[in-house]
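Participant: Below is the structure I would like to discuss, written out as structure tokens.
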Amino acid sequence: MLDHFDPAIDPVFKAHNRSALIQRLAAVLPHDGLVTSVEGMRVYESDGLAAYRGLAGVVALPRTTAQVVDVLKVCSAAGVPVVARGAGTGLSGGALPYPDCVLLSLSRFDKILAIDAEARTATVQPGVRNLAISEAVAHLGLFYAPDPSSQLACSIGGNVAENAGGVHCLKYGLTVHNLQSMEVVTIDGEVLRLGGEALDAPGFDLMALMTGSEGLLGVVTEVTVKLLPLPEHARVLLIAFADLRHAGEAVAAIIAGGIIPAGLEMMDRPALRAAEAHVHAGYPVDAAAILLCEIDGAPGEIEDGLRRVSDICAKAGATEIRLAGDEAERLLFWAGRKGAFPAMGRLAPDYYCIDGTIPRRRLPDVLEEIERLADVHALKVANVFHAGDGNLHPLILYDASVEGEMDRAEALGGAILELCVAVGGTITGEHGVGREKINQMCSQFTTPEIALFSGIKAAFDPAGLLNPGKAIPTLARCAEYGAMHVHGGKRAFEHLDRF
Amino acid sequence: MSTSTASDADISGVLANRVREATARRTPLRIVGGDTKRFYGRQVDGEALNVAAHRGVMSYDPSELVITARAGTPVLEIVALLAGHGQMLAFEPPVFGAASTIGGVVAAGLAGPRRPFAGAVRDFVLGVTVLDGRGDALRLGGTVFKNVAGFDGFRLMAGAHGCLGVLLDVSLRVSPKPVAEQSVTVAEDWPASRTRLGGLMGRQTPLSAAMHDGKLLHLRFSGSNAGVERAVLDCGGQSNTAIDWEDARDFMLPIFTRERLWRLSIPHARPMPDLGGERVIDWAGSQLWLSTDASATEVRTACARVGGHATLFRGAQPGEEVFTPLAPPLLALHKRIKAAFDPAGVFNPGRMYEGL
Numbered sequence: 000m001l002d003h004f005d006p007a008i009d010p011v012f013k014a015h016n017r018s019a020l021i022q023r024l025a026a027v028l029p030h031d032g033l034v035t036s037v038e039g040m041r042v043y044e045s046d047g048l049a050a051y052r053g054l055a056g057v058v059a060l061p062r063t064t065a066q067v068v069d070v071l072k073v074c075s076a077a078g079v080p081v082v083a084r085g086a087g088t089g090l091s092g093g094a095l096p097y098p099d100c101v102l103l104s105l106s107r108f109d110k111i112l113a114i115d116a117e118a119r120t121a122t123v124q125p126g127v128r129n130l131a132i133s134e135a136v137a138h139l140g141l142f143y144a145p146d147p148s149s150q151l152a153c154s155i156g157g158n159v160a161e162n163a164g165g166v167h168c169l170k171y172g173l174t175v176h177n178l179q180s181m182e183v184v185t186i187d188g189e190v191l192r193l194g195g196e197a198l199d200a201p202g203f204d205l206m207a208l209m210t211g212s213e214g215l216l217g218v219v220t221e222v223t224v225k226l227l228p229l230p231e232h233a234r235v236l237l238i239a240f241a242d243l244r245h246a247g248e249a250v251a252a253i254i255a256g257g258i259i260p261a262g263l264e265m266m267d268r269p270a271l272r273a274a275e276a277h278v279h280a281g282y283p284v285d286a287a288a289i290l291l292c293e294i295d296g297a298p299g300e301i302e303d304g305l306r307r308v309s310d311i312c313a314k315a316g317a318t319e320i321r322l323a324g325d326e327a328e329r330l331l332f333w334a335g336r337k338g339a340f341p342a343m344g345r346l347a348p349d350y351y352c353i354d355g356t357i358p359r360r361r362l363p364d365v366l367e368e369i370e371r372l373a374d375v376h377a378l379k380v381a382n383v384f385h386a387g388d389g390n391l392h393p394l395i396l397y398d399a400s401v402e403g404e405m406d407r408a409e410a411l412g413g414a415i416l417e418l419c420v421a422v423g424g425t426i427t428g429e430h431g432v433g434r435e436k437i438n439q440m441c442s443q444f445t446t447p448e449i450a451l452f453s454g455i456k457a458a459f460d461p462a463g464l465l466n467p468g469k470a471i472p473t474l475a476r477c478a479e480y481g482a483m484h485v486h487g488g489k490r491a492f493e494h495l496d497r498f
Numbered sequence: 000m001s002t003s004t005a006s007d008a009d010i011s012g013v014l015a016n017r018v019r020e021a022t023a024r025r026t027p028l029r030i031v032g033g034d035t036k037r038f039y040g041r042q043v044d045g046e047a048l049n050v051a052a053h054r055g056v057m058s059y060d061p062s063e064l065v066i067t068a069r070a071g072t073p074v075l076e077i078v079a080l081l082a083g084h085g086q087m088l089a090f091e092p093p094v095f096g097a098a099s100t101i102g103g104v105v106a107a108g109l110a111g112p113r114r115p116f117a118g119a120v121r122d123f124v125l126g127v128t129v130l131d132g133r134g135d136a137l138r139l140g141g142t143v144f145k146n147v148a149g150f151d152g153f154r155l156m157a158g159a160h161g162c163l164g165v166l167l168d169v170s171l172r173v174s175p176k177p178v179a180e181q182s183v184t185v186a187e188d189w190p191a192s193r194t195r196l197g198g199l200m201g202r203q204t205p206l207s208a209a210m211h212d213g214k215l216l217h218l219r220f221s222g223s224n225a226g227v228e229r230a231v232l233d234c235g236g237q238s239n240t241a242i243d244w245e246d247a248r249d250f251m252l253p254i255f256t257r258e259r260l261w262r263l264s265i266p267h268a269r270p271m272p273d274l275g276g277e278r279v280i281d282w283a284g285s286q287l288w289l290s291t292d293a294s295a296t297e298v299r300t301a302c303a304r305v306g307g308h309a310t311l312f313r314g315a316q317p318g319e320e321v322f323t324p325l326a327p328p329l330l331a332l333h334k335r336i337k338a339a340f341d342p343a344g345v346f347n348p349g350r351m352y353e354g355l
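Here the protein sequences come in this chain order: A and B. 0 is the number of the first residue of the first sequence in numbering that gives the first Met the number 0; add one for each residue after it. 0 is the number of the first residue of the second sequence in numbering that gives the first Met the number 0; add one for each residue after it.
Okay, here's the thing in structure tokens:
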């Protein structure tokens, strides 16, 4: 499993004296700013990808930017790797501790520093929860748009590191589109201000580069986010299809029709049945797939959008089109979608969530191919995903207590990601590469591209101390991984058109 | 869909060879598309590397909301192709002439009146293929909106002025053209307009342009029929065509003919710097075009005081800074990033900053 770091193909660091390091860190942190006991560090041994576990050398809990600067200077001087961690809800093992690392928890950076109603921005510390921002500005008629499903728990610093998405990003953009500026500390303790108060800043767009860089380039210590006016109203349609293919075609037709829904989500039969049993949202359990399509805006605009979506779906072969009658029913429809992941517990003891993105027009083909791959690996898959932007979340169902099932799930996950690349998509739409997809990076990118990423990393962090072994594979890993995946000169998915 | 025309050509092999030679000989290159923005940025002394012949739309499927085109493709061709399918580039790129290329649009990173409401160039770049200094064609990003694999080197290309590599092709997110569009002019001074815009932007409105020319506030609303009608009514102004938004986008208003022209990027909620001279306020107060006798230091200091920055858009003297200088650690970081793409420093050296 990938929670094992391999010195032959992952970054390696010279050994350091742990007690000397602890002493130096203790000197720059508050009295409660270090966790050194094994029991205490267990809390930090994994993130949302709980199958991957590892122990840090020590956990540091700074409260101020100055303390982060000091911690990074100590680590830099000692050549010790640093893994920054937000709320630990990430799904790709991005916060998995590297052996003997300093795990830098930003959980104590939990203050909303300023809300500026006129500028429509909020300045927050990185440990502030995503949803807390929208809650704090709702009385001003504003909200922070990116809404990953973990928004109750996930932190804004982690959102920046992952360039988090969510249900509403089709219309309102990803994290990168909703940031105004950020304060970043580099591994050598330099404090940089990226972005600014204006709509652009001089020089390269380093704020965009930092967003989604998974803790490899610097540590974010403050974020100013853009706030948007709350939509006046929102209505949601539940649309059922007897054929998965028709549902996929309807999605492409809605977008081609010039409609940008606030959310456009799909669930297939296994997923919607589990969600229905879990939440009782009133989903039609005999459908092959359902779409949830939300339209928001002013009243006149909404009616127009709903009518056009209904017409398109009827033409695409929808068997039922149901408009949520009131706000309570709208929230109930969404509760089923939002509760779909936990509902998987009804189908299997464990599930493994995959996160590829594909061009929308390939949806029907790819869903069929995923079903075939699942059969090959003798596993079941449920699909719940952001159909509007082609971001798939196949949930591979397995039982970790059955010998070999976890390995089969991992293998199936890898095959699905390679399928996404083969049809012109990407291995990760919003969960990040982290540790989990480190091998598939070698499928998506060529050697010179991986070398460029390493060069960018080195421009910020020449010794490679920040979050080693994540996001960007070593060329040695790609050499080994590539050799493993070429079978008799044949490429994967030769029967599918490539783009 | 197939959209090829007779002038389509792939000269990436030729370009790659030129880059390899230049790197081997450490000869600076001046990357040229339509050469319509030669006035913008610092002077580059280098051999011209002409990209304009590398042209043609490579893929466009309206249902994917993405177009991929070679960098030399004329931007007007792309705009026309999209319009034929009811779509557009929402950042409204300024077009300085028919020769203007899509690669130049991305490299310059300039956006038109819709910018504060729709987003910047970098918000719409989904992927690029770029030649690095080794002559390797690197594919960064892709053609899908949600993509977090690898560093976002593709977004970095927007506004990098060709200092990081030679753009070969770009994939841009496109948007549906609004069904309805109406413009309104209101005779009021800037302070009154500022208050009005604060109200308009504090709620969801179909505002898609807001420019104050010194006497009049020009507003544009784009969206559904019902939404635009309501916005125009709420405004109390009269629907008219007192301003040509394409002229505003393409720098055809009188102020843009001034020999020395500043672009001030400033936070809309802060007091506007008063530097005398002639000015046009665009982007709902976030962008100020200024022709002034004030010195560069005065202009930059006044901008910095309100959290903004100033670009000497046109008319810089040789050796004069065009872009607001970066703090030394940030400039050093820029140089290291450039070196990762361009180890021999051959791409548009000095276009943004001395030594970059």
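Even glycine gets a Cβ: it sits at the ideal position worked out from N, Cα and C.
(1) In three-state DSSP terms, what is D115 of chain A?
(2) Rounded to whole angstroms, what is the Cα-Cα separation between S309 of chain A and I258 of chain A?
(3) State the Cα-Cα distance for the pair F498 of chain A and R359 of chain A, rounded to the nearest angstrom.
(4) Taking 7 Å as the CB-CB cut-off, is P328 of chain B touching chain A?
(5) For a cutoff of 7 Å on Cβ pairs, would you count H176 of chain A as touching chain B?
(6) In terms of residues, what are the limits of the alpha helix (DSSP H) holding W282 of chain B?
(7) Less than 8 Å between the CB atoms is what I'm expecting for F384 of chain A and H376 of chain A, so what's the real figure, rounded?
(8) Does any CB atom of chain B fall closer than 7 Å to the CB of T88 of chain A?
(9) Which class does C292 of chain A belong to by DSSP, given the choice of helix, strand or coil?
(10) Are the C-beta of F203 of chain A and some C-beta of chain B separated by less than 7 Å?
(11) For the candidate residues B:A70, B:I77, B:N49 and B:R54, whose alpha-carbon lies nearest to that of P61 of chain B?
(12) Below 8 Å, can you find three or more Cβ-Cβ pairs linking the region 266–279 of chain B to the region 319–330 of chain B?
(13) Within this structure, are the beta carbons of L102 of chain A and A55 of chain A separated by less than 7 Å?
(14) Out of curiosity, what's the CA-to-CA distance linking T174 of chain A and V184 of chain A?
(15) Alpha helix (DSSP H) containing R268 of chain A: first to last residue?
(16) With 16 as the cutoff for other CB atoms within 10 Å, does K13 of chain A come out buried or exposed?
(17) Below 8 Å between beta carbons is the criterion; list the residues of the region 384–399 of chain A that meet it against any residue of chain B, in chain order.
(18) Report the three-state DSSP secondary structure of M210 of chain B (helix, strand or coil).
(19) Reducing DSSP to helix, strand and coil, say where K379 of chain A ends up.
(20) Less than 7 Å between CB atoms is the rule here; does L465 of chain A satisfy it with respect to chain B?
(21) Quick check: is the beta carbon of R359 of chain A nearer than 7 Å to any beta carbon in chain B?
(22) Could you spell out the range, first to last residue, of the alpha helix (DSSP H) harbouring T184 of chain B?
(23) Let me know if N347 of chain B comes out buried or exposed under the rule of 16 or more other beta-carbons within 10 Å of its beta-carbon.
(24) In chain B, what lies closer than 7 Å to A200 of chain A by C-beta?
(25) To which residues does DSSP link K225 of chain A through a beta bridge?
(26) I need the straight-line Cα distance from L74 of chain B to V94 of chain B, nearest angstrom please.
(27) Just to confirm the assignment, what range does the alpha helix (DSSP H) spanning K104 of chain A have?
(28) Note down, in chain order, all residues in the region 139–151 of chain A with a beta-carbon under 7 Å from any beta-carbon belonging to chain B.
(29) For T356 of chain B, decide whether its Cβ has a neighbour in chain A, counting only Cβ atoms nearer than 7 Å.
(30) Tell me the start and end of each unbroken alpha helix (DSSP H) in the region 194–240 of chain A that is at least 4 residues and wholly inside, in chain order.
(31) With S58 of chain B as the anchor, note down where its beta strand (DSSP E) starts and where it stops.
(32) So what's D500 of chain A in DSSP terms, helix, strand or just coil?
(33) Alpha carbon to alpha carbon, what distance is there between A83 of chain A and R434 of chain A?
(34) Return helix, strand or coil for P272 of chain B, following the three-state DSSP convention.
(35) State yes or no: is the beta carbon of I369 of chain A nearer than 7 Å to at least one beta carbon in chain B?
(36) Which runs of the alpha helix (DSSP H), 4 residues or longer, sit entirely within the region 307–359 of chain A?
Facilitator: A quick look at the data gives this:
(1) Looking at D115 of chain A - three-state DSSP - the assignment turns out to be strand.
(2) Just so you know, the alpha carbons of S309 of chain A and I258 of chain A end up roughly 12 Å apart.
(3) Only weak support is given to the placement of F498 of chain A: the predicted model assigns it a pLDDT of 42, under 50, and the question is left unresolved by the model.
(4) For P328 of chain B, a Cβ of chain A is located within less than 7 Å of the residue's own Cβ.
(5) At least one CB atom of chain B sits nearer than 7 Å to the CB of H176 of chain A.
(6) W282 of chain B -> no alpha helix (DSSP H), and no H or E assigned at all.
(7) Rounded, the Cβ-Cβ distance is 19 Å, inconsistent with contact.
(8) In terms of beta-carbon proximity, T88 of chain A stays away from the interface with chain B, with every pair separated by 7 Å or more.
(9) In the displayed model, C292 of chain A falls within a strand according to three-state DSSP.
(10) Yes, because at least one Cβ of chain B sits closer than 7 Å to the Cβ of F203 of chain A.
(11) Cα-wise, what sits closest to P61 of chain B is B:I77.
(12) Contact fails between the region 266–279 of chain B and the region 319–330 of chain B, because fewer than three Cβ pairs, one in each stretch, are under 8 Å apart.
(13) Remark: C-beta atoms of L102 of chain A and A55 of chain A approach each other more closely than 7 Å.
(14) T174 of chain A and V184 of chain A have their alpha carbons spaced roughly 20 Å apart.
(15) Residues R268 to V278.
(16) By the neighbour-count criterion, in which 16 or more other beta carbons inside 10 Å mark a residue as buried, K13 of chain A falls on the exposed side.
(17) Listed by position, the residues of the region 384–399 of chain A near chain B (Cβ gap below 8 Å) are H385, D388, G389 and N390.
(18) Correct three-state label for M210 of chain B: strand.
(19) In the structure shown, K379 of chain A sits in a strand (DSSP, three-state: E or B).
(20) It does not: the Cβ of L465 of chain A has no partner Cβ on chain B nearer than 7 Å.
(21) Interface residue, yes.
(22) Counting along the chain, T184 of chain B falls outside any alpha helix (DSSP H), though it belongs to the beta strand (DSSP E) covering A179 to A186.
(23) Its Cβ being crowded by 16 or more others within 10 Å, N347 of chain B is buried.
(24) In chain order, H308 make up the part of chain B whose C-beta sits under 7 Å from the C-beta of A200 of chain A.
(25) Bridge partners of K225 of chain A: A:T120.
(26) First, the residue type needs correcting, since residue 74 of chain B is Val and not Leu in the sequence shown. In a straight line, the C-alpha of V74 of chain B is about 8 Å away from that of V94 of chain B.
(27) Before going further, note that residue 104 of chain A is Ser rather than Lys in the sequence given. Careful: S104 of chain A lies outside any alpha helix (DSSP H), inside the beta strand (DSSP E) at V101 to S104.
(28) Those residues of the region 139–151 of chain A placed with their C-beta closer than 7 Å to a C-beta in chain B are G140, ordered along the chain.
(29) Shown here, chain B extends from 0 to 355; a query on residue 356 of chain B therefore has no answer.
(30) Unbroken alpha helix (DSSP H) stretches of 4 residues or longer found wholly inside the region 194–240 of chain A: 205–209, given in chain order.
(31) Here the beta strand (DSSP E) through S58 of chain B covers V56 to D60.
(32) Only positions 0 to 498 of chain A appear in this structure, which leaves residue 500 of chain A out of reach.
(33) The alpha-carbon atoms of R434 of chain A and A83 of chain A are separated by roughly 14 Å.
(34) Coil at P272 of chain B, not helix or strand.
(35) No Cβ of chain B is located within less than 7 Å of the beta carbon of I369 of chain A.
(36) Entirely contained in the region 307–359 of chain A, the alpha helix (DSSP H) runs reaching 4 residues are, in chain order, 326–337 and 339–342.
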